[in-house]
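Trainee: Quick one: structure below, then a few questions.
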Amino acid sequence: MSKGEQVHFKIPGSTSNLGPGFDSIGLAINRYLNVQLEASEEWTFQYVNFDETFPSGKENMIYQAIEYIEQTYGQGKKAPPHMVTMESELPLERGLGSSAAAIVAAVEIADYTMDLHLDLDDKIEIATYFEGHSDNVAASLLGGLVVATGQKEIGTVSHVVENLEMIALIPSHKLKTTDSRSVLPDAIPFQEAVEASSIANVFVAAALQNNWQLAGKLMKHDLFHQTYRKHLVPDLDAVQDFSMEHGAYGAALSGAGPTLIVFTPEGSSGKLSSKLEEAFPLYDCEVLLTAPTGVERSDAFQIQ
Numbered sequence: 553m554s555k556g557e558q559v560h561f562k563i564p565g566s567t568s569n570l571g572p573g574f575d576s577i578g579l580a581i582n583r584y585l586n587v588q589l590e591a592s593e594e595w596t597f598q599y600v601n602f603d604e605t606f607p608s609g610k611e612n613m614i615y616q617a618i619e620y621i622e623q624t625y626g627q628g629k630k631a632p633p634h635m636v637t638m639e640s641e642l643p644l645e646r647g648l649g650s651s652a653a654a655i656v657a658a659v660e661i662a663d664y665t666m667d668l669h670l671d672l673d674d675k676i677e678i679a680t681y682f683e684g685h686s687d688n689v690a691a692s693l694l695g696g697l698v699v700a701t702g703q704k705e706i707g708t709v710s711h712v713v714e715n716l717e718m719i720a721l722i723p724s725h726k727l728k729t730t731d732s733r734s735v736l737p738d739a740i741p742f743q744e745a746v747e748a749s750s751i752a753n754v755f756v757a758a759a760l761q762n763n764w765q766l767a768g769k770l771m772k773h774d775l776f777h778q779t780y781r782k783h784l785v786p787d788l789d790a791v792q793d794f795s796m797e798h799g800a801y802g803a804a805l806s807g808a809g810p811t812l813i814v815f816t817p818e819g820s821s822g823k824l825s826s827k828l829e830e831a832f833p834l835y836d837c838e839v840l841l842t843a844p845t846g847v848e849r850s851d852a853f854q855i856q
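In structure tokens form, the structure reads like this:
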């Protein structure tokens, strides 16, 4: 890339877990991290529409991921310095995949600038190493619904979602993933694990058949994580009950929370969103659609 030329990456955010699919199911959403890349004399990072300040130089997390990829996968190649400008539609620390999208950006930047030709499994493995959640990073890379393990030798299943809309109930406060994970048990009894797995298995089967009526019911019966996190997001039960009483398929924590996400039939999200805003005024309700594709690269877009 010569100086003055620009490349743009458009990376979808994600919601994950979807109830019983803990740490293994992700769904790409139509809210994006936009990344503009331009050759420069040194690595610099700029931010547009972020509600926090991040390092602008090599101490940046994205650069550290790029450096790791250079050392591990570069085979002697060096990542030439670039100015990286990022514009985000994803609120930070709200359970909508903002950190996963940022790490995916690092993987794509490294792959592009060093011409590595990383395959999808490599990208998922690298991003999971840094971000820790294969379901989120795989959704951002692939789009649609993904079922992932983070283990390269096993692979990832992706699926095009049909007839589904979502409503995100986004609170003003943040919730760090580390704090939300700290309330989870180190182990659960064998019989409870079997029951939890059976619920998750039926959920996956229903989702892959686009049977969201059944999948939505199963969201409420998760035994892996929502039970332990309810005190951090006390409106979960009320939102689930209210939403289903008003025609939604179901509702769940989005990722580690605190955002709650409601899954609705196609064409019904606007009306239900208004009802949710009235019933739960402490949340900002935002209608979402699934993002059918993952990362897109373009030479035409420019961040203002």
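If you use my numbering, the sequence shown corresponds to residues 553 to 856, in order. Glycine residues also receive a C-beta, built at the ideal position from the N, C-alpha and C atoms.
Restricting to Cα atoms, I'd like to know which of Ala804, Leu841, Leu805, Glu830 is closest to Ser821.
Mentor: For the residues Ala804, Leu841, Leu805, Glu830, the minimum Cα distance to Ser821 belongs to Leu841.
Trainee: Can at least three beta-carbon pairs, one atom from the stretch 686-704 and one from the stretch 606-620, be found at a separation below 8 Å?
Mentor: No, because fewer than three Cβ pairs between the stretch 686-704 and the stretch 606-620 fall closer than 8 Å, the two stretches do not touch.
Trainee: Using 8 Å as the Cβ pair cut-off and three pairs as the minimum, do the stretch 648-663 and the stretch 678-685 touch?
Mentor: Contact between the stretch 648-663 and the stretch 678-685 is present, because at least three Cβ pairs lie under 8 Å.
Trainee: On the three-state DSSP scale, how would you describe Asp836?
Mentor: It is a strand residue.
Trainee: Is it right to say Gly578 is buried, meaning 16 or more other beta carbons lie within 10 angstroms of its own, or is it exposed?
Mentor: Gly578 should be labelled buried.
Trainee: Which ranges does the alpha helix (DSSP H) cover as unbroken runs of at least 4 residues, wholly within the stretch 678-724, from first to last along the chain?
Mentor: Counting only runs of 4 or more, we get 686-694.
Trainee: On a Cα-Cα basis, can you pick out the residue from Tyr681, Thr816, Leu834 that is closest to Ala767?
Mentor: Here the closest residue by C-alpha is Thr816.
Trainee: State the DSSP-derived secondary structure class of Ser850, mapped to helix, strand or coil.
Mentor: Ser850: strand per DSSP, three-state reduction.
Trainee: What does the alpha-carbon distance come out to for the pair Tyr664 and Pro786?
Mentor: Approximately 44 Å, taken between the alpha carbons.
Trainee: Measuring from the CB of Ser724, is there a heavy atom of the ligand FAD at a distance below 7 Å?
Mentor: As for the ligand FAD, it is missing from this structure, which has no ligand bound.
Trainee: In or out: Lys630 buried (at least 16 other Cβ within 10 Å) or exposed?
Mentor: Exposed, because fewer than 16 other Cβ atoms sit within 10 Å of the Cβ of Lys630.
Trainee: What is the C-beta distance between Ala580 and Ala843, in whole angstroms, given that I count them as a contact (C-beta under 8 Å)?
Mentor: 4 Å between Cβ atoms; contact.
Trainee: Taking the alpha helix (DSSP H) that Arg733 falls in, what are its first and last residues?
Mentor: Unbroken alpha helix (DSSP H) run through Arg733: 729-733.
Trainee: What did DSSP end up calling Lys562 once you bin it into helix, strand or coil?
Mentor: It is a strand residue.
Trainee: Which residues does DSSP list as the beta-bridge partners of Met771?
Mentor: Note: Met771 sits in no beta bridge, so no partner.
Trainee: Around the C-beta of Asp774, are 16 or more other C-beta atoms found within 10 angstroms, so that it is buried, or is it exposed?
Mentor: The residue is buried, with at least 16 neighbouring Cβ atoms inside 10 Å.
Trainee: DSSP beta-bridge partners for Ile751?
Mentor: Answer is none; Ile751 lacks a bridge partner.
Trainee: With a CB to CB cut of under 7 Å and the five nearest residues on each side skipped, what residues in its chain are close to Glu645?
Mentor: Closer than 7 Å at Cβ, skipping near neighbours: Lys726, Leu727, Lys728.
Trainee: Within this structure, are the beta carbons of Pro564 and Glu593 separated by less than 8 Å?
Mentor: Not closer than 8 Å, so no.
Trainee: Using DSSP with H/G/I as helix, E/B as strand and the rest coil, what is Phe574?
Mentor: DSSP places Phe574 in coil when its eight states are reduced to three.
Trainee: At which residues does the alpha helix (DSSP H) containing Thr665 begin and terminate?
Mentor: Looking at the DSSP string, the run of the alpha helix (DSSP H) that includes Thr665 is 650-666.
Trainee: To the nearest angstrom, how far is the alpha carbon of Lys675 from that of Glu830?
Mentor: In a straight line, the C-alpha of Lys675 is about 42 Å away from that of Glu830.
Trainee: Counting along the chain, where does the beta strand (DSSP E) carrying Val600 start and finish?
Mentor: Where Val600 is concerned, the enclosing beta strand (DSSP E) stretches over 596-600.
Trainee: Pull up the DSSP beta-bridge partners for Pro817, would you.
Mentor: In the DSSP output, where bridge partners are listed per residue, Pro817 has Leu716.
Trainee: Where does Tyr756 land, buried or exposed, given buried means 16+ other C-beta within 10 angstroms?
Mentor: Per the sequence presented here, residue 756 reads as Val, with Tyr not at that position. Answer is buried; the Cβ neighbour count reaches 16.
Trainee: By a C-beta neighbour count over all protein chains shown, 10 Å radius and 16 as the cutoff for buried, is Val712 buried or exposed?
Mentor: With fewer than 16 other Cβ atoms within 10 Å, it is exposed.
Trainee: Would Phe574 and Phe776 be called neighbours here (beta carbons separated by less than 8 Å)?
Mentor: In contact: Phe574 and Phe776 (Cβ atoms closer than 8 Å).
Trainee: Give the single residue among Thr811, Gly802, Met635 whose Cα lies nearest to the Cα of Glu717.
Mentor: Of the candidates Thr811, Gly802, Met635, the one whose C-alpha sits nearest the C-alpha of Glu717 is Gly802.
Trainee: Identify whether Gly802 lies in helix, strand or coil by the three-state DSSP scheme.
Mentor: In the structure shown, Gly802 sits in a strand (DSSP, three-state: E or B).
Trainee: Determine the DSSP secondary structure at Ser795, reduced to helix, strand or coil.
Mentor: Helix at Ser795.
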